[in-house]
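Residue numbers (my numbering): 1 to 237.
Even for Gly, the Cβ is constructed at its ideal location relative to N, Cα and C.
What follows is a single structure, written as structure tokens, with notes after it.
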Ligand SMILES: [Zn+2]
Ligand SMILES: [Zn+2]
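If you want it as structure tokens, here you go:
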């Protein structure tokens with residue numbers, strides 16, 4: 001699948017490239033009306049990139065299973081059409097990863113806007129969420145997470161609060177000041193020292209009282225910061 005991002009319109013155009021994708025689009029397109037939504041059905045990760053499942057017209061049903069003597073209840077999408085976003089090129093795969101982050105952190109139900117033709121191939125134009133203030137389409141993770149488009153965030157009378165800020169990556173967190181209404185970060189003055197990840201984690205522990213643990217190491221953020229200082233990675237004063 002080829003994915004074309006339009007930042008200005010805040011849309012993605014999904015272009016089917018192989019036979020099976022064209023078949024799914026063929027089933028899907030006659031059923032879609034402007035404003036119809038897809039349910040985000042999770043990702044399949046191959047370690048480097050991911051595919052994203054979007055369900056249309058499906059129903060959430062509860063499945064009860066016995067796994068190792070434990071009863072597990074889980075929601076499964078049944079029926080409808082499953083559209084798998086599977087990027088063709090590296091660039092397309094990165095777009096799928098970005099869409100996944102917006103859907104996951106922004107709790108998005110992607111919205112069908114219209115069909116279009118790309119080099120003669122019938123394609124779908126979607127956006128990820130609508131702004132809660134002005135209904136503008138949005139695709140960026142941060143805008144979706146706060147349901148506030150960039151134009152509305154610019155008009156916001158910000159009230160900043162100190163708290164945890166995060167990026168899309170695992171462990172990508174820090175203490176920062178952000179607006180409690182639009183979620184945008186307080187503009188930096190440019191004089192802030194650049195911090196290592198361990199320093200940012202140490203801030204999170206000290207200022208927010210949130211304990212940070214690593215999967216691949218038993219070291220604590222303060223031990224790593226001490227090692228970084230000893231190694232001259234960060235200034236000691
Ligand atoms: Zn808006
Ligand atoms: Zn604000």
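- When the beta-carbon positions are compared, residue 15 and residue 31 stay at least 8 Å from each other.
- 8 Å or more divides the Cβ of residue 130 from the Cβ of residue 164.
- Between residue 84 and residue 53 a beta carbon distance of about 6 Å is seen, short of the 8 Å cut, so the two are scored as contacting.
- Taking 3 residues as the minimum length, the beta strand (DSSP E) runs contained wholly in the segment 75-159 are 81-85, 111-118, 121-127, in order along the chain.
- Beta-bridge analysis with DSSP links residue 56 to 81.
- Looking only at 139, 81, 23, 51, the smallest Cα-Cα distance to residue 93 is reached by 51.
- With distances taken between CA atoms, residue 221 lies nearest to 198 out of 198, 215, 227.
- If you draw a straight line from the Cα of residue 142 to the Cα of residue 136, it is about 14 Å long.
- The shortest CA-to-CA distance from residue 56 to any of 5, 183, 78, 190 is the one to 78.
- Straight-line spacing of the CA atoms in residue 162 and residue 172 works out to 17 Å.
- Under the 10 Å beta carbon count, residue 202 is surrounded by 16 or more other beta carbons and is classified as buried.
- In the displayed model, residue 170 falls within coil according to three-state DSSP, outside both helix and strand.
- Rounded to whole angstroms, the separation of the alpha carbons of residue 73 and residue 66 is 9 Å.
- Here residue 133 has 152 as same chain residues with Cβ atoms under 6 Å from its own Cβ, once five neighbours each way along the sequence are excluded.
- Counting every other CB atom within 10 Å of its CB across the protein chains shown gives residue 124 a total of 16 or more, marking it as buried.
- Residue state for residue 25 is assigned as helix, using DSSP reduced to three classes.
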